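In the numbering used here, each residue's number is its place in the sequence shown (first place is 1) plus 83.
All C-beta atoms in this analysis are idealised placements derived from N, C-alpha and C, irrespective of residue type, glycine included.
This one's a predicted model, so the numbers in the text were calculated from it and none came from an experiment.
Down below is the structure, laid out as structure tokens.
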Amino acid sequence: QVQLVESGGGLVQSGGSLRLSCASSGSIFAVNTMGWYRQAPGKQRELVADITSAGITNYEDSVKGRFIISGNNAQDAVYLQMNNLKPEDTAVYYCNLVDRYSRAYWGKGTLVTVAS
């Protein structure tokens, strides 16, 4: 069974930085993409950034230039470096993994709170 465990969330002042980490475990045949989604109170879950097995990255417009997604060579971890955080970045951040058969797996989420 595949498990994703996030860490690194917390409370930070506006303009500050946080680094989120996600580690995967279990039987994963092949990773297609790993990424981060977020869900703010009263809003739908949205893609923040993802990275393919080939290292191609994709970012939501509002985080471009501020967030950096990266993965490790074993493709069992993904990271999100978040800089110049804004109050509107406040949300629960979820790690996501999609395998070669398009099966999606989710972590339980980590809360990021940005104080103004």
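Spatial neighbours of residue i in its chain, beta-carbon cut-off 6 Å, leaving aside the 5 residues before and after
{"i": "Leu194", "result": "Gly92 and Val175"}
{"i": "Ala106", "result": "Val88 and Ala160"}
CB-CB length for residue i against residue j, believed under 8 Å
{"i": "Tyr177", "j": "Arg121", "result": "7 Å"}
{"i": "Ser90", "j": "Ser104", "result": "5 Å"}
{"i": "Asn115", "j": "Ser136", "result": "6 Å"}
Where residue i falls, given that 16 or more other Cβ within 10 Å makes a residue buried
{"i": "Tyr142", "result": "buried"}
{"i": "Phe150", "result": "buried"}
{"i": "Ala113", "result": "exposed"}
{"i": "Asn167", "result": "exposed"}
{"i": "Asp133", "result": "buried"}
{"i": "Asp172", "result": "buried"}
{"i": "Tyr162", "result": "buried"}
Neighbourhood of residue i by C-beta, 8 Å cutoff - its chain only, sequence neighbours within 5 removed
{"i": "Pro170", "result": "Ser97, Val197, Ala198 and Ser199"}
Bounding residues of the beta strand (DSSP E) (the contiguous stretch that carries residue i)
{"i": "Thr116", "result": "Val114 to Gln122"}
{"i": "Ala174", "result": "Ala174 to Asp182"}
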